[in-house]
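Numbering (the numbering used here), first residue to last: 4 to 453.
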Ligand SMILES: Cc1ncc(COP(=O)(O)O)c(C=O)c1O
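Written as structure tokens, this is what we have:
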């Protein structure tokens, strides 16, 4: 048998570049041939490249881990699924099957949850922009409304007037939890007295009943103690609401923000070392919560975990379409997935795995996406062996905020597949085609080519 030709490879050896985790892995190749038991080659043959792949088993494992971490430490815990993290219907359905409420931030997300069969009382309606018609529908159907600002208070009061009855609400507050810059876009600031002003205003209006407090302090928050501070401040304020203004606080919603194993650019420690475990968040939060609550009082603790629930269960398979040598000596690959579908590439350095065994030494390489745009780079400094056209790469974790923020820029969006716990790839979104782009366009008759 004639051996396949392997191109000679001259690699400039650089000294240095060591850090405390070791030197550059010129020999190390990470190979992944399957996701959740489904063979990558089979998935690509069946559904095409690029391809988003989600492992249902990994989602369920993660959901169970999150649930057990919290419910073994506090008796009244409820999860919400943050739709914007990934609102593919099948993903939401898996989350709801795990018992999660829907957490939505727009009329569109609200409609999506309702269309999936989620009853309104299991939908949390958040966000700084709620159209009056969306609010009206959500209120009439009995959704959990979390107020962001005073204009929303006025809108809700008008709706209460319209309905001739009081509306139950929660208010969103923001506070200093030691995470800077502090998010101040959302809700009423606690330390500056704005939350108190809002409560006074709501009480004076007499049309809304506050029954919950909500705060979401950030995303990819690496400090569990920040949540301990958050819940302590929320509960203290909750008791003031009860004692000074006569409201009864049924739930504390602490938002999302736990990190995934995604590797943030510019962060020295790798996530395996730097990211705290889910148990450490649960421990910090539940300990602070139990410490702040009066004995025997267990209001509901709601979590709206997004990223930490889905990110690690999502993969993107992409194929090499061409390669070239750059003037600085690095090898460049053009693959068929770019920043159009991997928005988080701008601040995360995704893991790159080979989907096939590949001979040869690793060399400094750049992985470009397919867009005719210079900033379409998936990895500007990786080590890869010489890859042939058609070779496949697997990027991960990409389950959070990529599909929902993907765009039809230059390329169609690819298909998405859910791998069942039995290892079967099931199509959950078809690859787009021209009809998806043109469907809403109107070409005036006078401009038609004749
Ligand atoms: C109100 C609210 N809840 C939950 C989330 C989910 O956050 P994460 O994905 O960081 O867990 C977000 C996202 O920013 C949010 O705005």
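Virtual Cβ for every residue (Gly too), placed ideally from N, Cα, C.
Exercise. Would you say the beta carbon of residue 405 comes nearer than 8 Å to a heavy atom of ligand 1?
Worked result: no
For this session: Label residue 375 either buried or exposed according to how many other C-beta atoms from any shown protein chain fall within 10 Å of its C-beta, with 16 as the threshold for buried.
Result: exposed
Exercise. Excluding five sequence neighbours on each side, which residues of the same chain lie with their C-beta closer than 8 Å to the C-beta of residue 155?
Worked result: Within the same chain, residue 155 has close Cβ partners 133, 138.
Exercise. Does the segment 92 to 105 come within contact of the segment 55 to 71, defined as at least 3 CB pairs closer than 8 Å?
Worked result: yes
Exercise. Is the Cβ-Cβ distance between residue 305 and residue 81 less than 9 Å?
Worked result: yes
Exercise. Under the DSSP definition of a beta bridge, which residues are partnered with residue 95?
Worked result: Note: residue 95 sits in no beta bridge, so no partner.
Problem set entry | 8 Å contact criterion, which residue 255 and residue 238 should meet: CB distance rounded | 7 Å
Exercise. So the beta strand (DSSP E) residue 252 belongs to, where does it begin and stop?
Worked result: Unbroken run through residue 252: none, as it is neither H nor E.
Exercise. Is any heavy atom in ligand 1 found nearer than 8 Å to the beta carbon of residue 129?
Worked result: yes
Exercise. Among 182, 391, 438, which residue has its Cα nearest to the Cα of residue 363?
Worked result: 391
Exercise. Applying the criterion that 16 or more other CB atoms from any shown protein chain within 10 Å of the CB defines a buried residue, is residue 191 buried or exposed?
Worked result: Buried: at least 16 other Cβ atoms inside 10 Å.
Exercise. Excluding sequence positions up to five away, which residues of its chain have a Cβ less than 6 Å from the Cβ of residue 228?
Worked result: 287
Problem set entry | For residue 362, three-class secondary structure by DSSP | Three-state DSSP puts residue 362 in coil, outside helix and strand.
For this session: Give the straight-line distance between the Cα atoms of residue 19 and residue 68, rounded to the nearest whole angstrom.
Result: Only weak support is given to the placement of residue 19: the predicted model assigns it a pLDDT of 49, under 50, and the value that follows is read from those uncertain coordinates. C-alpha separation (whole angstroms): 40 Å.
Exercise. At a cut of 8 Å, does the segment 218 to 232 reach the segment 174 to 181 through at least three beta carbon pairs?
Worked result: yes
For this session: Below 6 Å CB to CB, which residues in the same chain sit around residue 381 once its five sequence neighbours on both sides are set aside?
Result: 348, 370, 372
Exercise. Bridge partners of residue 432, per DSSP?
Worked result: Beta-bridge analysis with DSSP links residue 432 to 419.
Exercise. Is residue 125 near ligand 1, in the sense that its beta carbon is under 8 Å from a heavy atom of that ligand?
Worked result: no
For this session: Mind the definition here: the segment 394 to 405 touches the segment 337 to 345 only if three or more C-beta pairs lie below 8 Å; say whether that holds.
Result: yes
Problem set entry | Outcome for residue 395 when other beta-carbon atoms lying within 10 angstroms are tallied against a minimum of 16 | buried
Problem set entry | CA-to-CA distance, residue 310 to residue 262, given in whole angstroms | 7 Å
Problem set entry | alpha helix (DSSP H) runs contained entirely in the segment 49 to 132, provided each spans 4 or more residues | 59 to 74, 92 to 100, 110 to 118
For this session: Starting from residue 377, follow the alpha helix (DSSP H) in both directions and report where the run begins and ends.
Result: Note, residue 377: premise wrong, no alpha helix (DSSP H); not H, not E.
For this session: Report buried or exposed for residue 455, applying the criterion of at least 16 other Cβ atoms within 10 angstroms of its Cβ.
Result: No answer is possible for residue 455: it lies beyond the span of the chain, which begins at 4 and ends at 453.
For this session: Would you decide whether residue 85 is buried or exposed? Buried here means 16 or more other CB atoms lie within 10 Å of its CB.
Result: buried
For this session: For residue 85, verify whether its CB is less than 8 Å away from any heavy atom of ligand 1.
Result: yes
Exercise. So, helix, strand or coil for residue 289, using DSSP?
Worked result: The answer is helix: DSSP assigns residue 289 an H, G or I state.
Problem set entry | DSSP three-state assignment for residue 19, whether helix, strand or coil | At residue 19 the pLDDT is 49, less than 50, meaning the model places this residue with poor confidence and gives no usable figure here.
Exercise. Residue 187: buried (16+ other C-beta within 10 angstroms of its C-beta) or exposed?
Worked result: exposed
Problem set entry | Contacts around residue 158, its chain only, beta-carbon distance under 7 Å, and the 5 residues preceding and following it disregarded | 135, 138
For this session: Out of 434, 291, 319, 121, state which residue places its alpha-carbon closest to the alpha-carbon of residue 36.
Result: Nearest option by C-alpha distance: 319.
Problem set entry | Integer Cβ distance of residue 83 from residue 103, believed to fall under 8 Å | 6 Å
Exercise. Under a Cβ-count criterion, where at least 16 other Cβ atoms within 10 Å of its own Cβ denotes burial, should residue 406 be classed as buried or exposed?
Worked result: buried
Exercise. Would DSSP call residue 190 helix, strand or coil?
Worked result: coil
Exercise. For the alpha helix (DSSP H) that contains residue 141, what are its first and last residues?
Worked result: 135 to 144
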